[in-house]
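Quick note on numbering: the sequence shown equals residues 1 to 349 in the working numbering.
Data first, discussion second: the structure below is written as structure tokens.
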Amino acid sequence: MTFPYIHDIDPFAIQLWGNFGIRWYGLAYLTGFVLGYLIISWMQKRSLTPLPAKAIGDFVFWIAVGTVAGGRLGYCLFYRPELFVEFTSAPPFWGVFAVNKGGMASHGGMIGIVVACILFARKHHQSPLHLFDLTILAATLGIFFGRIANFINGELVGRICPADFPLAVKFPQDILSWPYYEPQRLAQLADVVALKGVHKETWASWVSQVTTSNQAWNSINSTLEMVVASVQNGNEQLKLALGPLLDPRYPSQLFAALLEGGLIFLILMYVWRKPRKPGVITALFFILYAIGRIINEQFRLPDLHIGYQLFSLTRGQWLSIGLLAAGLVCYFFWSRAKRAPLGGWAKRV
């Protein structure tokens, strides 16, 4: 393996044809929901939750819908509001459904989960705060696998780091943003695209017209997508030619998997070894996730179309500051509420 590591992981677990197949990103979501079902079932068998066994499957389904819908709508609302009014004559017709234009927002997913829990609680006469706790415990594992899937996809990349940083990664996907934000770097790719059959003169002509010709723009983007796909499919010659042109970056997705997912799961499991009042686990998650996200955003590259905001903080950090404040308020009230504690997996049964 060369250092820094040049990212060459195929986003498809199973590629059927063209751009269709089973992706690691989808499997990450599926894994999270399955683990959620297993954790809640385990707690139900130990009489740690009043949720009936027959309702667990329905509950996980509601959470899945809330997570996906909230995550996507949250991304559009917080990061790309113009997608709400973007309509085209080609599938998927509405910008909100165009998942190739951005993905999911974790803060939006949390809102979707809250809504799903409240609706389910009303229908099945359950405590919404307790349902929040059940969901949050499992959600941390979903976040863990989701961030690993982000790394596999080469998305949500880190900021530029020193080339000798032991965990530095170079992402070929970086070149997909060059036509938008760094067109001056496109000329450097002449030798790289030549390996895909594009003559240097042709490439130079396209680059010179990148801001004035739709045809040149489309040709450049389709060529860059082919380059990235070839690297992911194991083209070693292309990878080695492209590598020196890429910036080394922090693997912020892996940092996030630990800070926002795995570590929080372990902490919450430890806290919930004893019965806790409904809502306490959720409030602690809000606090811990916000802190982890604020820290990790120091290594993660902000969305290029948004950049840095007030006090040089990112959009994700500002949203997390709000979440931190909400978590502290919720903990103050929910931990003092006159409700019977639930859970406590370490107690004898």
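The beta carbon of each residue, even a glycine, is placed where N, CA and C say it ideally should be.
All figures in this text were calculated on a predicted structure; none of them were measured in a lab.
For the alpha helix (DSSP H) that contains residue i, what are its first and last residues?
i, result
"residue 232", "214 to 232"
"residue 135", "128 to 153"
"residue 311", "No alpha helix (DSSP H) contains residue 311, which DSSP labels as neither H nor E."
"residue 124", "106 to 124"
"residue 252", "252 to 256"
Taking the alpha carbon of residue i as the point to measure from, which residue in the options has its own alpha carbon closest?
i, options, result
"residue 346", "30, 43 and 36", "43"
"residue 8", "239, 147 and 142", "239"
"residue 208", "305, 194, 187 and 225", "187"
"residue 272", "55, 137, 124 and 37", "137"
"residue 282", "252, 342 and 250", "342"
"residue 177", "161, 247 and 55", "247"
"residue 34", "199, 280 and 142", "142"
"residue 106", "229, 267 and 256", "256"
"residue 408", "149, 66 and 38", "Here the chain covers residues 1 to 349 and nothing more, so residue 408 does not appear."
"residue 321", "334, 155 and 291", "291"
"residue 162", "302, 250 and 21", "250"
"residue 344", "133, 236 and 228", "133"
"residue 3", "66, 169 and 237", "169"
"residue 165", "31, 331 and 5", "5"
"residue 221", "206, 234 and 119", "206"
"residue 46", "340, 318 and 275", "275"
"residue 289", "277, 260 and 236", "260"
"residue 294", "307, 315, 306 and 213", "315"
"residue 154", "243, 332, 11 and 339", "11"
"residue 79", "309, 121 and 197", "309"
Looking at the unbroken beta strand (DSSP E) that takes in residue i, where does it start and where does it end?
i, result
"residue 13", "12 to 17"
Is residue i helix, strand or coil when you go by DSSP?
i, result
"residue 274", "coil"
"residue 180", "helix"
"residue 87", "strand"
"residue 196", "coil"
"residue 62", "helix"
"residue 349", "Note that residue 349 scores a pLDDT of 46, beneath 50, so its modelled location is shaky and nothing firm can be said."
"residue 5", "strand"
"residue 300", "strand"
"residue 240", "helix"
"residue 20", "strand"
"residue 169", "strand"
"residue 246", "coil"
"residue 156", "coil"
"residue 343", "strand"
Report back the beta-carbon spacing between residue i and residue j to the nearest angstrom; my notes put them in contact at under 8 Å.
i, j, result
"residue 28", "residue 158", "Not really, about 19 Å apart at Cβ, beyond 8 Å."
"residue 109", "residue 57", "Actually they are not in contact, since the Cβ atoms of residue 109 and residue 57 sit about 20 Å apart, beyond 8 Å."
"residue 265", "residue 135", "Actually they do not touch by this definition, with Cβ atoms about 13 Å apart."
"residue 129", "residue 279", "4 Å"
"residue 232", "residue 156", "With a Cβ gap of about 17 Å, residue 232 and residue 156 do not count as contacting."
"residue 175", "residue 224", "5 Å"
"residue 69", "residue 112", "5 Å"
"residue 229", "residue 286", "Contact flag wrong, Cβ pair sits at about 39 Å."
"residue 268", "residue 284", "6 Å"
"residue 192", "residue 242", "5 Å"
*Identify every run of the alpha helix (DSSP H) within the region 24 to 58, keeping only runs that are complete inside it and at least 4 residues long; order them along the chain.*
When DSSP assignments are scanned along the region 24 to 58, the uninterrupted stretches of alpha helix (DSSP H) that are 4 or more residues long and fall wholly within it turn out to be 24 to 45.
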